[in-house]
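See below for the structure under consideration.
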Amino acid sequence: MRRMLLWLPLAIFGILAVFFFRGLSLDPNAQPSALIGRTLPAFQLMELHTGAMLTEADLPSGPYLLNVWASWCITCQVEHPYLTELSKTLPVVGLNYKDQRTAAQNWLAKLGDPYVLHLFDDSGQLGLDLGVAGAPETFVVDASGVIRARIQGEVNVRAFEREIAPVLAAGGSR
Amino acid sequence: MFAEFGHFALVTAFAIAICQSVIPLYGYFTQQDTLIATAKPLALLQGFALAVSFAVLMHGFLVHDFSISYVANNSNLYLPWYFRLSAVWGAHEGSLLLWALILAVWGVAVSLFSRGIPDEMASLVLSVLGMIGIGFIAFMLFTSNPFERLLPFAPANGQDLNPLLQDPGLIFHPPMLYMGYVGLSVAYAFAMAALIAGRLDATWARWSRPWTTIAWSFLTFGIALGSWWAYYELGWGGWWFWDPVENASLIPWLVATALMHSLAVTEKRGLFRSWTVLLAIAAFSLSLLGTFLVRSGVLTSVHAFANDPERGVFILGFLIVVIGGSLTLYAIRAAAVSEPGRFGWLSRESWLLFNNLILTVMAISVLLGTLYPLLVDSLGGGKVSVGPPFFNAVFVPLTAILVSFMVFGPLTSWQQMKDTRQYRPLIVAGLVSVIAGLVWPTQMLGAYSIASALGTVLALWLALGTVIDIRQRILEYGSVRVMSRKVGAGFFGMWTAHIGVAVTIFGVAMVENHTEHRDLRMGPGDVQALGPYEVRFIQLEKIQGPNYVADRVTFEVWEGTRLYQAVMPEKRLYNASQMVMTEAAIDPGFTRDLYIALGEPLGDGDWAVRLSIKPFVDWIWAGSFLMGFGGIVAITDRRYRRVRARKAALLEDRVAPA
Numbered sequence: 000m001r002r003m004l005l006w007l008p009l010a011i012f013g014i015l016a017v018f019f020f021r022g023l024s025l026d027p028n029a030q031p032s033a034l035i036g037r038t039l040p041a042f043q044l045m046e047l048h049t050g051a052m053l054t055e056a057d058l059p060s061g062p063y064l065l066n067v068w069a070s071w072c073i074t075c076q077v078e079h080p081y082l083t084e085l086s087k088t089l090p091v092v093g094l095n096y097k098d099q100r101t102a103a104q105n106w107l108a109k110l111g112d113p114y115v116l117h118l119f120d121d122s123g124q125l126g127l128d129l130g131v132a133g134a135p136e137t138f139v140v141d142a143s144g145v146i147r148a149r150i151q152g153e154v155n156v157r158a159f160e161r162e163i164a165p166v167l168a169a170g171g172s173r
Numbered sequence: 000m001f002a003e004f005g006h007f008a009l010v011t012a013f014a015i016a017i018c019q020s021v022i023p024l025y026g027y028f029t030q031q032d033t034l035i036a037t038a039k040p041l042a043l044l045q046g047f048a049l050a051v052s053f054a055v056l057m058h059g060f061l062v063h064d065f066s067i068s069y070v071a072n073n074s075n076l077y078l079p080w081y082f083r084l085s086a087v088w089g090a091h092e093g094s095l096l097l098w099a100l101i102l103a104v105w106g107v108a109v110s111l112f113s114r115g116i117p118d119e120m121a122s123l124v125l126s127v128l129g130m131i132g133i134g135f136i137a138f139m140l141f142t143s144n145p146f147e148r149l150l151p152f153a154p155a156n157g158q159d160l161n162p163l164l165q166d167p168g169l170i171f172h173p174p175m176l177y178m179g180y181v182g183l184s185v186a187y188a189f190a191m192a193a194l195i196a197g198r199l200d201a202t203w204a205r206w207s208r209p210w211t212t213i214a215w216s217f218l219t220f221g222i223a224l225g226s227w228w229a230y231y232e233l234g235w236g237g238w239w240f241w242d243p244v245e246n247a248s249l250i251p252w253l254v255a256t257a258l259m260h261s262l263a264v265t266e267k268r269g270l271f272r273s274w275t276v277l278l279a280i281a282a283f284s285l286s287l288l289g290t291f292l293v294r295s296g297v298l299t300s301v302h303a304f305a306n307d308p309e310r311g312v313f314i315l316g317f318l319i320v321v322i323g324g325s326l327t328l329y330a331i332r333a334a335a336v337s338e339p340g341r342f343g344w345l346s347r348e349s350w351l352l353f354n355n356l357i358l359t360v361m362a363i364s365v366l367l368g369t370l371y372p373l374l375v376d377s378l379g380g381g382k383v384s385v386g387p388p389f390f391n392a393v394f395v396p397l398t399a400i401l402v403s404f405m406v407f408g409p410l411t412s413w414q415q416m417k418d419t420r421q422y423r424p425l426i427v428a429g430l431v432s433v434i435a436g437l438v439w440p441t442q443m444l445g446a447y448s449i450a451s452a453l454g455t456v457l458a459l460w461l462a463l464g465t466v467i468d469i470r471q472r473i474l475e476y477g478s479v480r481v482m483s484r485k486v487g488a489g490f491f492g493m494w495t496a497h498i499g500v501a502v503t504i505f506g507v508a509m510v511e512n513h514t515e516h517r518d519l520r521m522g523p524g525d526v527q528a529l530g531p532y533e534v535r536f537i538q539l540e541k542i543q544g545p546n547y548v549a550d551r552v553t554f555e556v557w558e559g560t561r562l563y564q565a566v567m568p569e570k571r572l573y574n575a576s577q578m579v580m581t582e583a584a585i586d587p588g589f590t591r592d593l594y595i596a597l598g599e600p601l602g603d604g605d606w607a608v609r610l611s612i613k614p615f616v617d618w619i620w621a622g623s624f625l626m627g628f629g630g631i632v633a634i635t636d637r638r639y640r641r642v643r644a645r646k647a648a649l650l651e652d653r654v655a656p657a
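The listed protein sequences derive, respectively, from chains A and B.
Each step along the first sequence adds one to the number in numbering that gives the first Met the number 0, with nothing skipped, and position 56 is 55.
Each step along the second sequence adds one to the number in numbering that gives the first Met the number 0, with nothing skipped, and position 450 is 449.
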């Protein structure tokens with residue numbers, strides 16, 4: 000009996016460990032974004048190069064990524080090569096956020112341009128509607144134009160597997 | 000290139016840690032003294048390598064090497080030098096490095112101060128410490144390298160240290176806390192060594208007692224500093240928030256407190272051995288668990304600065320190896336431990352046993368209260384939180400019971416209390432305390448509170464009981480001088496710590512029940528009454544700090560017609576992070592703190608202002624300091640040194656015959 004009792008602490012710890020493991024996959028900070036499951040808010044923004052007016056009607060028919068970037072953003076440079084790679088198979092819309100036009104144009108000229116569409120949001124208006132906290136931030140939009148996921152920070156392999164791949168696997172629409 | 004030296008030193012320390020854990024252990028099992036003897040020099044080497052690594056990171060902060068990602072994220076050109084140094088442990092990677100360094104420092108301490116302990120035992124202890132070191136250094140090298148470079152684009156300036164952490168409190172709080180957390184690893188290593196060697200006896204208890212006590216003292220200081228820092232820096236004026244991270248430090252503290260007392264029984268009477276070992280394992284395991292909870296992002300808190308599931312998986316794996324491994328070893332080995340000796344119901348053993356039960360129940364309650372939200376969430380029950388009401392409901396009654404044990408325990412003799420007449424003065428003191436305690440709240444600001452009366456009764460009874468204990472000892476030995484020689488420093492440490500508990504309890508009871516607190520709108524020229532004072536809003540100005548701009552209000556505090564003091568709370572906006580911080584103005588005092596903090600600007604030059612009088616709040620930390628200091632007094636006890644002296648004498652004898 001006493002021998003059995005000595006195993007009790009281990010058993011209790013074992014049960015706790017299972018809960019901790021489950022706990023790891025839950026995000027305590029996850030504030031389900033108000034926009035997930037909705038379409039993009041309406042907007043009217045200039046095209047970065049031409050200055051032509053663009054609205055939500057000009058967006059590609061998904062699935063696509065909406066990438067919030069700026070020339071002042073260091074992490075945007077970090078994710079740029081991966082984003083360029085991604086853009087070969089998946090359209091990426093660029094939302095140039097709180098930036099200066101020439102600086103943004105130079106940035107694209109120097110590093111390469113992965114975007115199918117360039118939205119120029121110098122006042123951060125669409126950023127505000129999207130609840131953007133900072134650049135870079137990327138929204139995954141499915142075939143029906145509904146936002147499915149939001150990636151804060153760098154887009155990389157891990158973010159792709161976790162946030163983007165499931166949306167694509169579901170045929171881009173769920 | 001310089002930062003790479005730090006990285007290299009870290010890798011070297013990793014390799015040394017592997018040697019330190021494997022070679023002496025192999026030597027122990029194959030009985031090769033030369034291999035056993037490697038443990039101490041390896042521990043010194045590991046300490047040296049980690050010190051180099053740490054120094055390199057400090058250098059990176061001092062010279063603004065923003066190509067190191069960690070420096071870029073946590074420093075700034077305008078950050079004063081002392082905050083640049085403390086910023087080394089201001090975030091995840093650096094605080095891990097500090098953890099590992101302190102662990103190695105404890106290893107160095109064990110190898111320097113263990114001459115009274117047989118080499119093979121010390122080498123087992125160092126081997127276990129080495130294993131823990133492997134885990135932490137690997138954690139850094141594989142998931143959170145503090146020397147990672149930001150290349151090719153090194154930023155011109157850093158993102159600045161979290162403004163919350165730009166405070167003298169941060170310079171001392173984490174190192175103290177880590178000394179405590181990590182110090183418990185020594186008690187753990189002793190327990191593991193005893194389990195491996197199969198010698199769980201009184202000698203083992205005497206070896207690990209001073210290490211446990213000193214770690215406990217550091218933990219006490221660390222928790223108290225953290226609480227003090229929260230009080231004056233977070234700007235809410237609270238001193239304890241039952242935040243998961245605070246709880247993560249309180250749980251090991253409670254268990255370590257139980258362990259200290261249980262070790263006393265094991266050393267003196269050879270009892271509770273298996274329980275003591277379990278506590279030693281639990282105390283350190285719970286420190287690790289605290290780290291896991293904070294660093295993995297499993298729970299949210301103001302401290303959770305690095306949430307990353309990958310790290311969480313690593314720590315969880317490490318936790319399973321350390322805790323699971325030691326509990327398995329415990330289950331196998333503790334079965335062989337017999338419990339010789341008996342004790343009567345009315346004996347110091349039984350008081351200490353109940354003390355252990357209460358402290359364990361407290362620790363489990365805090366653990367459950369902290370984990371409950373996680374358990375509910377992982378069972379799909381959504382997000383819940385457990386607030387102060389739960390913890391207060393548990394802690395107040397348990398503390399009351401614990402205090403009565405603290406009063407009777409020290410005056411009770413081992414084995415069997417024969418003469419219960421010795422309890423009489425304690426009962427008289429109890430009656431005096433009840434009367435004084437019931438009257439006391441009427442002398443305080445605010446409504447009469449039964450909780451305040453209870454706190455006063457307990458604090459007074461404990462203080463009087465301790466004084467009576469001291470008096471009885473003096474009577475027993477005839478004079479103060481003889482008594483102080485006979486009882487040893489251990490008793491003086493205990494008395495100091497117990498008085499400290501009384502002081503803290505009193506402070507808590509007063510602050511929680513008699514704080515006068517007002518949130519007001521005030522503008523230039525406004526006057527408000529606060530207790531015996533009048534607070535006048537004199538002027539508002541903008542000031543420029545080294546890395547922030549601030550609104551600063553000058554208040555004059557008048558006592559009748561006499562100007563008591565002018566105070567200047569600030570609201571700071573930090574340039575780099577754009578975070579707003581409150582710098583409260585606090586006038587500390589023996590019987591009360593005057594606390595003035597700025598809330599939000601309300602327009603027209605008016606501000607939301609928080610005014611409080613916090614009676615006896617500093618007693619909370621003064622008491623904690625006494626507790627920690629008591630621990631330090633206790634380890635100066637002669638008998639820990641006597642062992643060493645005896646051993647030295649033995650060596651001399653061996654040399655002498657020639």
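All C-beta atoms, glycine included, are put in the ideal place defined by N, C-alpha and C.
Leaving out the 5 sequence neighbours to the left and right, which residues in its chain are closer than 7 Å to B/His-260 when beta-carbon positions are compared? Looking up residue 260 of chain B in the second sequence gives position 261. Contacts found: Leu-351, Asn-354, Asn-355.
Mind reading off the beta-carbon distance from A/Leu-89 to A/Pro-62? Whole number of angstroms is fine, and I expect it under 8 Å. Start at 1 with the first residue of the first sequence, and residue 89 of chain A comes out as number 90. Start at 1 with the first residue of the first sequence, and residue 62 of chain A comes out as number 63. The Cβ separation is near 7 Å, so the contact holds.
Given B/Trp-228, which residues of its chain have a CB within under 6 Å of its CB, disregarding the five upstream and five downstream residues? The residue given as residue 228 of chain B occupies position 229 in the second sequence. Excluding residues within five positions, the ones whose Cβ falls inside 6 Å are Gly-168, His-172.
Beta-bridge pairing of A/Met-52 - partner residues as DSSP gives them: Reading the first sequence from its first residue, position 53 is the one you call residue 52 of chain A. Bridge partners of A/Met-52: A/Met-45.
By how many angstroms is the C-alpha of B/Ser-20 removed from the C-alpha of B/Ala-38? Stepping through the second sequence from its first residue, residue 38 of chain B is reached at position 39. Stepping through the second sequence from its first residue, residue 20 of chain B is reached at position 21. So the alpha carbons of these two residues sit roughly 8 Å apart.
Show which residues of chain B have a CB atom less than 9 Å away from the CB atom of A/Gln-104. Residue numbering aside, residue 104 of chain A sits at position 105 when the first sequence is read from its first letter. In chain order: nothing, as chain B lies at least about 19 Å away.
Within 7 Å of chain A by C-beta, residues of the segment 253-265 of chain B in sequence order: Answer set for the segment 253-265 of chain B: empty.
Please report the residue range of the alpha helix (DSSP H) in which B/Arg-208 lies. On the second sequence, position 209 is the one that residue 208 of chain B refers to. B/Arg-208 -> alpha helix (DSSP H) spans 201-232.
Inside the segment 19-53 of chain B only - alpha helix (DSSP H) runs reaching at least 4 residues: Correct list: 32-35.
8 Å CB neighbourhood of A/Ala-168 in its chain, flanking five on each side removed: Against the first sequence, residue 168 of chain A aligns to sequence position 169. Correct list: empty, nothing qualifies.
Considering only residues of the same chain and omitting the five flanking positions on each side of B/Phe-505, which have a CB-CB separation below 7 Å? Taking the second sequence and counting its residues from 1, one reaches residue 505 of chain B at position 506. Correct list, in chain order: Gly-454, Thr-455, Ala-458, Phe-615, Trp-618.
Contact check, B/Gln-45 vs B/Ile-22, beta carbons under 8 Å: Counting from 1 along the second sequence, the entry for residue 45 of chain B is found at position 46. Counting from 1 along the second sequence, the entry for residue 22 of chain B is found at position 23. No, the pair does not count as a contact, with Cβ atoms beyond the cut-off.
Per DSSP, what kind of secondary structure is B/Gly-598 in: helix, strand or coil? The residue you call residue 598 of chain B lines up with position 599 of the second sequence. DSSP places B/Gly-598 in strand when its eight states are reduced to three.
Check whether B/Ala-255 and B/Leu-218 have beta carbons under 8 Å apart: Numbered from its first residue, the second sequence carries residue 255 of chain B at position 256. Numbered from its first residue, the second sequence carries residue 218 of chain B at position 219. Yes, these two residues count as a Cβ contact at 8 Å.
Using a Cβ cut-off of 9 Å, pull out every chain B residue sitting near A/Ala-16, in sequence order please. Within the first sequence, the letter at position 17 stands for residue 16 of chain A. Here the neighbours are Leu-315, Leu-318, Ile-319, Ile-322, Gly-323.
Nearest chain A C-beta to B/Pro-209 closer than 8 Å, yes or no? Along the second sequence, read from residue 1 onward, the residue named residue 209 of chain B stands at position 210. Cβ-Cβ to chain A under 8 Å: no for B/Pro-209.
Where B/Trp-344 falls, given that 16 or more other Cβ within 10 Å makes a residue buried: Here the question's residue 344 of chain B lines up with position 345 in the second sequence. It counts as exposed.
Report all residues from its chain with a CB closer than 7 Å to the CB of B/Leu-519; omit the five preceding and five following residues, and keep chain order. Taking the first residue of the second sequence as 1, we reach residue 519 of chain B at position 520. Closer than 7 Å at Cβ, skipping near neighbours: Gln-527, Val-608, Leu-610.
Going by the beta-carbon positions, is the gap between B/Ile-206 and B/Val-185 smaller than 8 Å? Here residue 206 of chain B refers to the residue found at position 207 of the second sequence. Here residue 185 of chain B refers to the residue found at position 186 of the second sequence. What sits at residue 206 of chain B in the sequence shown is Trp, not Ile. Result no, Cβ atoms of B/Trp-206 and B/Val-185 do not sit closer than 8 Å.
May I ask you to list, following chain order, the residues of the segment 268-290 of chain B that have a beta carbon less than 7 Å from some beta carbon of chain A? Leu-277
Three CB pairs or more closer than 8 Å across the segment 128-138 of chain A and the segment 148-163 of chain A: yes
Are the Cβ atoms of B/Trp-606 and B/Leu-597 separated by less than 8 Å? As a position in the second sequence, residue 606 of chain B is number 607, starting the count at 1. As a position in the second sequence, residue 597 of chain B is number 598, starting the count at 1. Result yes, Cβ atoms of B/Trp-606 and B/Leu-597 sit closer than 8 Å.
Considering only the alpha carbon of each residue, which of B/Trp-239, B/Ser-143, B/Gln-577, B/Leu-34 lies closest to B/Pro-388? Mapped onto the second sequence, residue 388 of chain B falls at position 389. With distances taken between Cα atoms, B/Pro-388 lies closest to B/Trp-239.
Pick out whichever of B/Ser-74, B/Pro-151, B/Ile-133, B/Ile-357 has its Cα sitting closest to the Cα of B/Val-321. Here residue 321 of chain B corresponds to residue number 322 of the second sequence, with the count starting at 1. Of B/Ser-74, B/Pro-151, B/Ile-133, B/Ile-357, the residue nearest in Cα terms is B/Ile-133.
Between which residues of its own chain and B/Tyr-447 is the CB-CB distance below 7 Å, once the five residues before and five after are set aside? Start at 1 with the first residue of the second sequence, and residue 447 of chain B comes out as number 448. If we look at B/Tyr-447 and ignore the five residues flanking it on each side, its Cβ neighbours are Pro-440, Thr-441.
Taking only beta carbons into account, state which residues of the segment 133-158 of chain B come closer than 7 Å to chain A, listed in chain order. Listed by position along the chain: Phe-152, Pro-154.
Check whether the Cβ atoms of B/Val-336 and B/Arg-268 lie closer than 8 Å to each other. Within the second sequence, the letter at position 337 stands for residue 336 of chain B. Within the second sequence, the letter at position 269 stands for residue 268 of chain B. Going by C-beta atoms, B/Val-336 is not nearer than 8 Å to B/Arg-268.
Buried or exposed for B/Trp-494, going by 16 or more other Cβ atoms inside 10 Å? One-based indexing of the second sequence puts residue 494 of chain B at position 495. B/Trp-494 comes out buried.
In this structure, what does DSSP give as the bridge partners for A/Trp-68? As a working note, residue 68 of chain A is residue 69 in the first sequence. According to DSSP, A/Trp-68 bridges with A/Asn-95.
Please classify B/Lys-485: does DSSP put it in a helix, a strand, or coil? For the purposes of this step, residue 485 of chain B is taken as the residue at position 486 of the second sequence. Of the three classes helix, strand and coil, the one that applies to B/Lys-485 here is helix, per DSSP.
7 Å Cβ cut-off: residues of chain A touching B/Leu-326: Counted from its first residue, the second sequence places residue 326 of chain B at position 327. Neighbours of B/Leu-326 on chain A, chain order: Pro-8, Leu-9, Phe-12.
Residue burial classification, B/Asp-623 (beta-carbon count within 10 angstroms, cutoff 16): The residue you call residue 623 of chain B lines up with position 624 of the second sequence. The sequence shown places Ser at residue 623 of chain B, not Asp. Buried, by the Cβ-count rule.
For B/Leu-649, three-class secondary structure by DSSP: Against the second sequence, residue 649 of chain B aligns to sequence position 650. Confidence is the limiting factor: at B/Leu-649 the pLDDT is only 49, short of 50, which leaves the residue's position unreliable and the question unanswerable from this model.
Between A/Leu-9 and the rest of its own chain, which residues show a CB-CB distance below 6 Å, the 5 nearest in sequence each way excluded? Taking the first residue of the first sequence as 1, we reach residue 9 of chain A at position 10. So no residue of the chain qualifies.
Between the alpha carbons of B/Phe-304 and A/Val-77, how many angstroms are there, rounded? As a first step, residue 304 of chain B must be located in the second sequence, where it is residue number 305. As a first step, residue 77 of chain A must be located in the first sequence, where it is residue number 78. A caution first: B/Phe-304 carries a pLDDT of 39, below 50, which makes its placement in the model unreliable, though a value can still be read off. Answer to the nearest angstrom: the Cα atoms are 22 Å apart.
Please list, in chain order, the residues of the segment 67-86 of chain B that have any C-beta partner in chain A closer than 8 Å. none
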